[in-house]
Amino acid sequence: MKAYLSIFRVHFISVLQYRSAAFAGILTQFAWGFMLVLMFKAFYQSNPSAFPMGLSQVTDYIWLQQAFLNLFAVWIFDHSIFTSVTDGQIAYELVRPLSLYKHWFAKTLAFRSARTLLRCFPPLIVALFLPEPYGLSISQHLPLFLLTMLLSTCLVIAFLMLIYISTFYLLSSTGIRTLVMTIGDFLTGGIIPLPFLPHSIQHVIELTPFGLMQNVPLRVYSGDIKEWTIIFPQLFWLILLIVFGQLFMKNALTRVVIQGG
Amino acid sequence: MIELQQIQKSFKVAKRTAGFWQTSRALFQKEYTQIDALSDITFNIQPGEMVGYIGPNGAGKSSTIKIMSGVLVPDSGTCVINGLTPWKNRKEHVRNIGVVFGQCSQLWWEVPVIDSFELLRDIYDIDQAAYRQKLNELSERLTIGDLLTTPTRQLSLGQRMRCEIAASLLHSPSLLFLDEPTIGLDAHSKIAVRQFIQELNHEHQTTIILTTHDMQDIEALTERILLIGKGRILLDGSLKDLKQRQQDHTQIVIEAVHGNFQAQAGLTLLEQTAGHYLVEVDTQQLSLAKAIESLAKQLEVTSLTVKQPTAEELVVNLYQEFEI
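If you read the protein sequences in the order shown, they are chains A and B. Per this note's numbering, the first sequence starts with residue 12, numbered consecutively. Per this note's numbering, the second sequence starts with residue 1486, numbered consecutively.
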């Protein structure tokens, strides 16, 4: 355990060094956040009763999504993992007395949380001061929000692990990355919140792990989801994906071909 | 300590000729050729030995090292190192080995070297006192004390390689694999690295397996050489054996004022420029002493040198001999 904590620490520290990337990210998230808020405002002005969530719940969703983009977005990859497989650097990770699955998990968690820590505060603070209903309200459900946020973060990583491991079988990860980027972003509610989709589609998505990623904490925050039992399906999928990922990894490593050298 | 028996590994390589149609066809039906990287590798290595593992590019050196370090799983054959099979007991096995792959880095790029070392300390669960002691020893021996606070990305290649070697030894492994440790280093750094490896082997009886293309590494370091080619071990012996094997043809360089060279049995002229002769003696037909005597009669010799083949030449000859 100590080893994985140290891995987490080293990667966390190294990501924290990239300040200008973080600054650029913050600007993008502001621009994107304002654009979405204005877009939804226009919709709500025409007919507020036609929508499944209140405008202030939607703006909470948008600002949190922008602030925690690096925790929740399924299309943000730690590229060093892909390159380590393709350029043979992976050999060094395999000569350590560590489980490669846990190693990558710790690394990805560090990568995502460090990036989030660097970027989340400016959007959160600014959004808190924006006038109602455009800004971020103070949540009445913070404990459940934090718990589901943690579970979602792990769930996203457990899913991404499958993409990382598939690089062992594929020559290039570009294809699968693009696929995840578009389909995954839609299914998790990255493009529009899932309640805005037709009910039938929404129900199907909620049966998959995608419906339990950012969809849950972002809606728990504003009270759109109140039942704490939502953590059970999250836990179920988390355990399932981790078990499957470890088996997948085991199989990948017996047939891995280390390129180069 | 290390026993490899009939290790085999083949790779599938996609085969396709150039051109649009061939490429389109390959979308539906891929053709593969089987490349036998290792077809039958068998050898034993005793504890404390220092072995040079040589062979041309693509001979399977790195594949063997990767199998022995638990990274690659062979198709068949057995490999037992300290009683463990590397790919089956990977985590247990790698605790006792240190590895340096000269082409990659095991240090974390963005952080100071010391941070990488401390991470390795935690990964191998080395206790603080032992770690301190080892770190002091290594930083003194490899003169890296001043580099520890520098981020890896800012180190020169020579500096980095010394840090890499230190990193591979922090957990005091009994077996060290060095895959081209001197690649790209300047003469000074090479000598420093070699000297350190030698001391390590003498003082800690660390078993060392070294692959390299630099024959000076082999000459300076290893008693025993394993030559691999076409996926099998072609030769297992000492550098001395190798030299003896090729001593049948000795070359002599002569500077002479005047005289006439006459070819005779066992004596051939390879090169002649004004006053300079390069002669080859076939010692099976004519002893070296006789050859020199006869040469001295024919030519008024001002200088005479018996050429010793360099390790480099020995290996080139070997590669030719085995057609690899």
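No residue lacks a Cβ here, since even glycine has one placed at the ideal position from N, Cα and C.
Say whether chain A places a C-beta atom closer than 9 Å to the C-beta of residue i.
i, result
"G1555 (chain B)", "yes"
"W1797 (chain B)", "Looking at the sequence itself, residue 1797 (chain B) is Glu, so the reference to Trp does not match. For E1797 (chain B), the answer is no, since every Cβ of chain A falls outside 9 Å of its Cβ."
"E1625 (chain B)", "no"
"D1600 (chain B)", "yes"
"Y1538 (chain B)", "no"
"R1814 (chain B)", "There is no way to answer for residue 1814 (chain B), as the model of chain B reaches only from 1486 to 1809."
"L1569 (chain B)", "no"
"E1806 (chain B)", "no"
"R1647 (chain B)", "no"
"C1589 (chain B)", "yes"
"V1596 (chain B)", "yes"
"Y1609 (chain B)", "yes"
"R1510 (chain B)", "no"
"F1586 (chain B)", "yes"
Count the other CB atoms, across all protein chains shown, that sit within 10 Å of the CB of residue i; report buried if there are 16 or more and exposed otherwise.
i, result
"G1630 (chain B)", "exposed"
"L264 (chain A)", "buried"
"E1625 (chain B)", "exposed"
"T1691 (chain B)", "buried"
"K1728 (chain B)", "exposed"
"A121 (chain A)", "buried"
"V254 (chain A)", "exposed"
"Q76 (chain A)", "buried"
"N262 (chain A)", "exposed"
Within 9 Å (strictly less), CB to CB, does residue i reach chain B?
i, result
"G99 (chain A)", "yes"
"G272 (chain A)", "Reliability of the predicted coordinates at G272 (chain A) is poor, the pLDDT of 40 falling under 50, and the value obtained from them is presented with this limitation in mind. Closer than 9 Å to some Cβ of chain B, the Cβ of G272 (chain A) qualifies, so yes."
"M260 (chain A)", "no"
"K13 (chain A)", "yes"
"A102 (chain A)", "yes"
"T219 (chain A)", "no"
"V21 (chain A)", "yes"
"R266 (chain A)", "yes"
"R107 (chain A)", "yes"
"Q257 (chain A)", "no"
"S17 (chain A)", "yes"
"S183 (chain A)", "no"
How close, in whole Å, do the beta carbons of residue i and residue j come, if the pair is a contact with beta carbons under 8 Å?
i, j, result
"S148 (chain A)", "S17 (chain A)", "Contact doesn't hold; Cβ gap of about 39 Å is too wide."
"T1735 (chain B)", "V1766 (chain B)", "5 Å"
"M1553 (chain B)", "F1662 (chain B)", "7 Å"
"T1697 (chain B)", "I1539 (chain B)", "7 Å"
"D1671 (chain B)", "G1643 (chain B)", "6 Å"
"G1744 (chain B)", "E1785 (chain B)", "5 Å"
"D1664 (chain B)", "V1585 (chain B)", "7 Å"
"L1706 (chain B)", "R1730 (chain B)", "The Cβ separation is near 20 Å, so there is no contact."
"S1495 (chain B)", "I1520 (chain B)", "6 Å"
What residue range does the beta strand (DSSP E) around residue i cover?
i, result
"F93 (chain A)", "No beta strand (DSSP E) contains F93 (chain A), which is instead part of the alpha helix (DSSP H) from H90 to D98."
"D1515 (chain B)", "According to the sequence displayed, residue 1515 (chain B) carries Lys and not Asp. Unbroken run through K1515 (chain B): none, as it is neither H nor E."
"D1702 (chain B)", "Per DSSP, D1702 (chain B) belongs to no beta strand (DSSP E); it is in the alpha helix (DSSP H), M1700 to L1706."
"V1584 (chain B)", "I1582 to F1586"
"A1614 (chain B)", "Counting along the chain, A1614 (chain B) falls outside any beta strand (DSSP E), though it belongs to the alpha helix (DSSP H) covering Q1613 to R1626."
"C1564 (chain B)", "S1561 to I1566"
"Y1762 (chain B)", "H1761 to D1767"
"Y1538 (chain B)", "M1535 to I1539"
"T1787 (chain B)", "L1784 to K1792"
"I1682 (chain B)", "Counting along the chain, I1682 (chain B) falls outside any beta strand (DSSP E), though it belongs to the alpha helix (DSSP H) covering A1672 to H1689."
Just the C-alpha distance for residue i and residue j, rounded to the nearest angstrom, thanks.
i, j, result
"I187 (chain A)", "I174 (chain A)", "7 Å"
"L218 (chain A)", "N226 (chain A)", "13 Å"
"P244 (chain A)", "L1512 (chain B)", "40 Å"
"V85 (chain A)", "T119 (chain A)", "12 Å"
"E1649 (chain B)", "Q1805 (chain B)", "34 Å"
"V1579 (chain B)", "R107 (chain A)", "6 Å"
"L1654 (chain B)", "G1562 (chain B)", "29 Å"
"P220 (chain A)", "L82 (chain A)", "15 Å"
"Q151 (chain A)", "V69 (chain A)", "16 Å"
"F51 (chain A)", "L1592 (chain B)", "48 Å"
"V1791 (chain B)", "A1750 (chain B)", "19 Å"
"F23 (chain A)", "S124 (chain A)", "8 Å"
"T39 (chain A)", "A32 (chain A)", "11 Å"
"T164 (chain A)", "L1660 (chain B)", "40 Å"
"V21 (chain A)", "N1574 (chain B)", "27 Å"
"K1775 (chain B)", "Q1783 (chain B)", "13 Å"
"R230 (chain A)", "D1600 (chain B)", "40 Å"
"P204 (chain A)", "S67 (chain A)", "13 Å"
Which residues mark the beginning and the end of the alpha helix (DSSP H) in which residue i is found?
i, result
"H1656 (chain B)", "Looking at the DSSP string, H1656 (chain B) is not in any alpha helix (DSSP H), and its letter there is neither H nor E."
"S1601 (chain B)", "V1598 to Y1609"
"A61 (chain A)", "Looking at the DSSP string, A61 (chain A) is not in any alpha helix (DSSP H), and its letter there is neither H nor E."
"E217 (chain A)", "H210 to E217"
Cβ closer than 7 Å: which chain D residues qualify as neighbours of residue i?
i, result
"S25 (chain A)", "This model lacks chain D altogether; the protein chains it does include are A and B."
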